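Have a look at the structure below before the remarks.
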Amino acid sequence: MAARGRGDRVLAPVLVGLAALAAWEAVVRMEGIPPYILPGPILVARTVVADWGTLFPSLLVTLAITGAAFLVAAVLGLALAVVFTQSTFIERAFFPYAVILQVTPIVAIAPLIILWVKWIPLALLICAWLVAFFPVLSNTVLGLTSTDKNLVDLFRLYGATRWQAFRYLRLPSALPYFLGGLKISGGLALIGAVVAEFVAGTGGAQSGLAFRILEAGYTLQIPRMFAALLLISAAGVLIFALLTGISRLLLRRWHESELEPAD
Amino acid sequence: MTAAAPVVALQGVSRLYASGTLALDRLSLRVEPGEFLTLLGPSGCGKTTLLRLIAGLAEPSGGHIEWSPDGGARQLGFVFQEPTLMPWARVEDNIRLPLMLAAVSPAESAGRVGEAIAHVGLEGFERAYPRELSGGMKMRVSIARALVTKPQVLLMDEPFAALDEITRFKLENDLSSLAHRRRLTVLFVTHSVFESVYLGSRVVVLSPRPGRVAADIRVEAPAPRGEAFRTSSAYIEACRQVSALLARAMEAR
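This is how it looks when you write it as structure tokens:
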């Protein structure tokens with residue numbers, strides 16, 4: 001049962017993916033769709049290989065912004081969550097503004113940020129961070145405030161200091177929520193970075209994948225556009241897989257979400 | 001009143017919830033050293049509230065609670081209705097918690113944790129995580145954690161209510177002999193007549209909300225109790241008596 005379940009988990013999506021790609025290739029060939037309208041998957045794959053020299057450095061640029069924004073989001077999100085949960089006043093005073101930052105479309109404020117922050121990589125990082133930090137903040141606040149009430153009583157009973165209750169009770173209780181927030185933030189950081197790159201439209205040595213897409217669009221190199229898109233998606237999947245792995249590693253011994261199903 | 005000074009004495013203790021509900025109404029109770037006192041009452045009679053007041057987890061709205069000045073009266077262990085374990089910590093770390101919070105040296109903690117584990121029969125499970133244990137074993141961990149500080153008073157809030165009968169009988173027997181061996185003063189809250197009689201050297205029946213003492217009787221059978229007591233006529237007679245007292249308390253509301 002277990003072996004079959006695991007096999008299905010890999011096999012099922014792979015089969016669906018292969019079927020979709022085959023259908024795409026078939027439609028392109030049978031209908032004779034020109035590559036500048038819709039390139040087939042084989043051509044896209046070939047373009048990835050052929051343009052690797054241009055695309056790979058751009059991928060690294062985008063990933064660097066994403067990674068930096070994600071790290072800042074994780075650290076600041078956690079720190080802000082801790083500050084918010086220390087006092088209801090602070091939480092009430094500041095949380096609405098965190099929400100406002102979250103719901104304002106990044107496309108709308110990215111031009112302003114790029115205008116104000118002269119150094120483009122920093123401007124991109126700020127945009128990506130703005131998109132990514134909220135899930136960490138709100139999830140961690142939820143985690144820090146969902147501590148088992150009886151355990152809180154137990155810590156009080158044994159005279160735990162505020163620091164001890166935080167370090168040994170609230171923080172570990174919040175860990176699954178924090179990791180859940182990170183999983184969402186990882187993908188959002190990438191989206192934020194790409195959107196900001198689109199708005200900034202930077203050229204030259206520091207251009208990320210979004211710029212490659214713009215550039216390919218202007219010059220009607222549609223296969224390259226698809227190739228860049230493919231790399232962005234692959235990077236997103238990789239980030240998600242990485243964070244899921246970290247989460248599993250940290251929680252597998254004790255948290256419901258990561259337990260192997262019982263026989 | 002020739003008895004020794006009580007471990008803890010409650011005088012006219014009341015507790016009013018913020019919602020305006022009176023949970024306890026001028027309740028007075030003296031807990032004698034070394035006795036196994038079971039508090040029996042229907043759901044919602046304020047039993048848990050009473051235990052929380054004694055533990056200092058809540059303040060009475062009226063009356064006062066006095067601890068005996070000698071023998072570190074505040075040395076108490078608390079066992080909740082649920083095992084209340086930290087899911088991320090191994091059995092031994094869960095049991096060590098009270099010592100860690102009190103900054104007891106690692107060398108001394110190790111010895112005391114080992115002792116507590118032996119007391120509740122959890123040898124071999126030191127490195128397990130709570131999720132790997134059955135309900136009964138989790139409760140044993142919870143009891144070991146309460147014992148690790150070597151308390152004189154053990155407060156227990158319906159600790160066996162969620163367990164199956166076979167496990168419960170076993171844990172009741174073990175608790176009875178443990179309390180006897182360690183000369184513990186136990187306050188044990190339950191809604192089961194049978195459990196209150198089986199464990200208690202004294203049964204205090206509480207009335208429905210607002211809780212007050214409706215009856216207070218001794219169960220004259222030697223401790224520790226065992227399976228022989230469970231089938232004895234003395235036990236059955238005491239159960240009948242306590243049942244009648246509980247029924248009267250329920251009617252009197």
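Residue numbers (this note's numbering), protein chains in the order written: chain U, 1 to 263; chain B, 1 to 253. For glycine and all other residues, C-beta sits at the position ideal for the given N, C-alpha and C. Being a predicted model, the structure only gives us computed values, none of them experimental.
In this structure, what does DSSP give as the bridge partners for residue i?
{"i": "Ile65 (chain B)", "result": "B:Leu10"}
{"i": "Gly77 (chain B)", "result": "B:Leu154"}
{"i": "Phe36 (chain B)", "result": "B:Val186"}
{"i": "Val204 (chain B)", "result": "B:Leu39 and B:Asp216"}
{"i": "Gly211 (chain B)", "result": "B:Leu24"}
{"i": "Val120 (chain B)", "result": "DSSP output for Val120 (chain B) lists no bridge partner at all."}
{"i": "Leu29 (chain B)", "result": "B:Leu10"}
{"i": "Leu16 (chain B)", "result": "B:Leu22"}
Starting from the C-beta of residue i, find all residues in its chain whose C-beta is less than 6 Å away, skip the five residues before and the five after it, and write them out in chain order.
{"i": "Ala73 (chain B)", "result": "Here the model assigns Ala73 (chain B) a pLDDT of 46, short of 50, so the residue's position is not dependable, and the following value carries that caveat. Excluding residues within five positions, the ones whose Cβ falls inside 6 Å are Trp67."}
{"i": "Thr167 (chain B)", "result": "Gly136"}
{"i": "Val197 (chain B)", "result": "Val219, Ala238, Cys239 and Val242"}
{"i": "Thr2 (chain B)", "result": "Note on Thr2 (chain B): pLDDT 46, under 50, position unreliable in the model; the coordinate value appears next. No residues qualify anywhere along the chain."}
{"i": "Arg170 (chain U)", "result": "Leu144 and Thr147"}
{"i": "Val186 (chain B)", "result": "Phe36, Leu154 and Ala179"}
{"i": "Ala210 (chain U)", "result": "Val194, Glu197 and Phe198"}
{"i": "Pro135 (chain U)", "result": "Gly181, Ile184 and Ser185"}
{"i": "Gly208 (chain U)", "result": "Ser58, Val61, Thr62 and Glu197"}
{"i": "Glu258 (chain U)", "result": "Arg248, Leu251 and Arg252"}
Once DSSP output is grouped into helix, strand and coil, what is the label at residue i?
{"i": "Ala235 (chain U)", "result": "helix"}
{"i": "Ile33 (chain U)", "result": "coil"}
{"i": "Gly72 (chain B)", "result": "With a pLDDT of only 48 at Gly72 (chain B), under 50, the local geometry of the prediction cannot be trusted, and the value read off the model is given with reservation. Coil, per DSSP."}
{"i": "Leu133 (chain B)", "result": "coil"}
{"i": "Val338 (chain U)", "result": "The structure shown does not extend to residue 338 (chain U), since chain U is modelled only from 1 through 263, so no value can be given for it."}
{"i": "Leu250 (chain U)", "result": "helix"}
{"i": "Val141 (chain U)", "result": "helix"}
{"i": "Arg156 (chain U)", "result": "helix"}
{"i": "Leu242 (chain U)", "result": "helix"}
{"i": "Met86 (chain B)", "result": "coil"}
{"i": "Ser176 (chain B)", "result": "helix"}
{"i": "Thr81 (chain U)", "result": "Note that residue 81 (chain U) is Ala in the sequence shown, not Thr. Helix."}
{"i": "Gly67 (chain U)", "result": "helix"}
{"i": "Pro98 (chain B)", "result": "helix"}
{"i": "Glu249 (chain B)", "result": "Residue identity differs from the one stated: residue 249 (chain B) is Ala in this sequence, not Glu. Three-state result, Ala249 (chain B): helix."}
{"i": "Gln221 (chain U)", "result": "coil"}
{"i": "Val148 (chain B)", "result": "coil"}
{"i": "Asp93 (chain B)", "result": "helix"}
{"i": "Ser257 (chain U)", "result": "helix"}
{"i": "Glu126 (chain B)", "result": "coil"}
{"i": "Cys45 (chain B)", "result": "coil"}
Spatial neighbours of residue i within its chain, please: C-beta separation below 7 Å, excluding the five flanking residues on both sides.
{"i": "Met250 (chain B)", "result": "Pro42 and Pro208"}
{"i": "Val99 (chain U)", "result": "none"}
{"i": "Ser308 (chain B)", "result": "Residue 308 (chain B) lies beyond the range of chain B shown here (1 to 253); nothing can be said about it."}
{"i": "Thr84 (chain B)", "result": "Ser142"}
{"i": "Leu80 (chain U)", "result": "Leu137"}
{"i": "Tyr177 (chain U)", "result": "Asn139, Thr140, Leu142 and Gly143"}
{"i": "Gly12 (chain B)", "result": "Arg26, Ser28, Gly62 and Gly63"}
{"i": "Leu15 (chain U)", "result": "none"}
{"i": "Pro210 (chain B)", "result": "Leu22, Ala23, Leu24, Asp25 and Gly46"}
{"i": "Ala162 (chain B)", "result": "Gly135"}
{"i": "Ile65 (chain B)", "result": "Val8, Leu10, Val13, Leu53 and Ile54"}
{"i": "Ala132 (chain U)", "result": "Ala69, Phe70, Ala73, Ser185, Leu188, Ala189 and Gly192"}
Ignore the nearest five residues each way along the sequence and tell me which others in residue i's own chain have a CB closer than 8 Å to its CB.
{"i": "Leu99 (chain B)", "result": "Glu108, Ser109, Arg112, Val113, Val148 and Thr149"}
{"i": "Gln81 (chain B)", "result": "Thr48, Asp157, Glu158, Pro159, Ala161 and Ala162"}
{"i": "Val117 (chain U)", "result": "Ala123 and Ile126"}
With 7 Å as the C-beta to C-beta threshold (strictly closer), list the residues of the region 169-195 of chain U near chain B in chain order. Pro172
For the 8 Å Cβ check, are there 3 or more pairs between the region 70-84 of chain U and the region 176-187 of chain U? yes
Taking contact to mean 3 or more Cβ pairs, one atom from each stretch, closer than 8 Å, check whether the region 52-64 of chain B and the region 209-225 of chain B are in contact. no
Across the region 141-160 of chain B and the region 115-132 of chain B, are there enough close Cβ pairs to call them in contact, namely three or more that are closer than 8 Å? yes
Touching or not, the region 192-200 of chain U and the region 114-127 of chain U, by the rule of three or more beta carbon pairs under 8 Å? By the Cβ criterion, the region 192-200 of chain U is in contact with the region 114-127 of chain U, since at least three pairs of Cβ atoms, one from each stretch, lie closer than 8 Å.
Cβ contact (3+ pairs, closer than 8 Å) linking the region 211-225 of chain U and the region 33-47 of chain U: yes
Given a limit of 7 Å on CB to CB distance, which residues of the region 127-156 of chain B reach chain U? Taking 7 Å as the cut-off between beta carbons, the residues of the region 127-156 of chain B near chain U are Tyr129 and Arg131, in sequence order.
Got a sec: which bits of the region 146-161 of chain U sit with their beta carbon under 9 Å from any beta carbon on chain B, in order along the chain? Asp148, Asn150, Leu151, Asp153, Leu154, Phe155, Arg156, Leu157, Tyr158, Gly159, Ala160 and Thr161
With contact counted as at least three CB pairs below 8 Å, one residue from each stretch, are the region 89-109 of chain B and the region 125-141 of chain B in contact? yes
Check distances from the C-beta atoms of the region 46-78 of chain B to those of chain U and list, in chain order, the residues that come in under 7 Å. Ala55, Leu57 and Phe78
Closer than 9 Å, Cβ to any Cβ of chain B: which residues of the region 250-261 of chain U, in chain order? Leu251, Arg253, Trp254, His255, Glu256 and Leu259
Mind checking the region 170-202 of chain B against chain U and listing, in chain order, the residues whose C-beta falls within less than 9 Å of any C-beta there? Contact annotation: in the region 170-202 of chain B, no residue has its CB less than 9 Å from a CB in chain U.
Using 8 Å as the cut-off, can you tell me whether the region 40-56 of chain U makes contact with the region 98-112 of chain U, which would need three or more C-beta pairs spanning the two stretches below that distance? no
Please name the residues in the region 93-126 of chain B whose beta-carbon is closer than 8 Å to at least one beta-carbon of chain U, in chain order. Leu97, Pro98, Met100, Leu101 and Ala102
What are the residues of the region 79-93 of chain B that lie near chain U, defined by any Cβ-Cβ distance shorter than 7 Å? Phe80, Glu82, Thr84, Met86, Pro87 and Trp88
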